[in-house]
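Number of protein chains: 2
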Amino acid sequence: MRIKMELARILIRESQPAQLIELRESDVPAEMARSFPIIIGISEAIAIDRRLAGVDIGRPMTHDLIINTINQLGASIESVTITKVVNATFYAEIIVNDHQGEPTMIDARPSDAIAIAVTCQVPIYADDSVLSITTPPMDDLAQ
Amino acid sequence: MRIKMELARILIRESQPAQLIELRESDVPAEMARSFPIIIGISEAIAIDRRLAGVDIGRPMTHDLIINTINQLGASIESVTITKVVNATFYAEIIVNDHQGEPTMIDARPSDAIAIAVTCQVPIYADDSVLSITTPPMDDLAQ
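What follows is the structure, given as structure tokens:
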């Protein structure tokens, strides 16, 4: 099952190569929402941050290029999903509807998927299994 | 007219934000070949360099994602062209043949276009006007 998520925060420490974004379950009360962090590279973090801030530098940046390419081929981006986590590495896919409206799944790193989702304002999902692995069960929290 | 080019060199100075790549006219004797430099960002320079070195990090990097997306939509990359230079800013386009083989031109920064061309091993061109602006006329060189 896919759970709807939102980009809760992005932490950029320019002196370090590894940056951090946090996805949080949306459509549930804040105190119930599960969340997990993903470590991403500095250039992807800056790309996401620039999109959140609505900065337009007047040239197609790399993620704009992906979006423009999809649109010029008559396709459209439906959503992105964090599909699994294996050995602390997160995997994602971008769901693109082709020129006939047929969905195709494209493997991506979460950072690229989220940069695209933030730019296109399409939903971000996480597979239920990702949340099970990355967030402690309620029983643990109650102790 | 489009002139066939090749990536002659890439200079990475990690301490600086601006990196340099040089495109050189191919298919002509070395002493006749015109060339010009393009300043690009560090992350794009690293992406190009990684591709030239054939480094496979096992995950789809951002330019792989563009290529995979195009292929999964039944389209293919034909070539890239540096189309113009305005106020020292270079512009490029990626020529993509859609699922019906119809070409579509997608605006791109030269760094993204070249990273894609190097990965897919498709030709890199420059419009003749770009070479006219960026290289001195033969008369000047003879003085």
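For the protein sequence lines, the chains are A and B, in the order given.
The numbers in this note's numbering rise by one with no breaks, and the one at position 71 of the first sequence is 71.
Quick note: to get this note's numbering, add 1000 to the position in the second sequence (first position is 1).
From the three backbone atoms N, C-alpha and C, an ideal C-beta is built for every residue, glycine too.
Owing to the predicted nature of the structure, the values given are computational and were not obtained by experimental measurement.
Below 9 Å between beta carbons is the criterion; list the residues of the region 1119-1132 of chain B that meet it against any residue of chain A, in chain order. none
Is A/V96 closer than 8 Å to A/E78 when the C-beta atoms are compared? yes
Note down, in chain order, every chain B residue with its Cβ under 9 Å from the Cβ of A/V96. T1069, Q1072 and L1073
Within 7 Å of chain A by C-beta, residues of the region 1029-1055 of chain B in sequence order: S1043
Would you mind listing the beta strand (DSSP E) stretches within the region 50-136 of chain A that are 3+ residues and don't spill past its ends, in chain order? 76-86, 89-97, 103-108 and 124-127
For chain B, is any of its Cβ atoms less than 8 Å away from the one on A/T62? yes
Reducing DSSP to helix, strand and coil, say where B/I1012 ends up. coil
Is it true that the CB of A/A33 sits closer than 8 Å to the CB of A/R24? yes
Could you compute how far the alpha carbon of A/I57 sits from the alpha carbon of A/R51? 10 Å
Bridge partner(s) assigned by DSSP for A/E6: A/R24
How far does the beta strand (DSSP E) with A/P29 in it reach, from first residue to last? From DSSP, A/P29 is part of no beta strand (DSSP E); its letter is neither H nor E.
By how many angstroms is the C-alpha of B/I1010 removed from the C-alpha of A/P103? 39 Å
Quick check: the region 29-49 of chain A against the region 1074-1090 of chain B, are there 3 or more CB pairs under 8 Å? no
Is there a C-beta anywhere in chain B that falls below 8 Å from the one on A/T104? yes
Alpha-carbon to alpha-carbon, A/A47 and A/V85: 23 Å
Taking 8 Å as the cut-off, decide whether the C-beta atoms of B/T1081 and B/A1126 are in contact. yes
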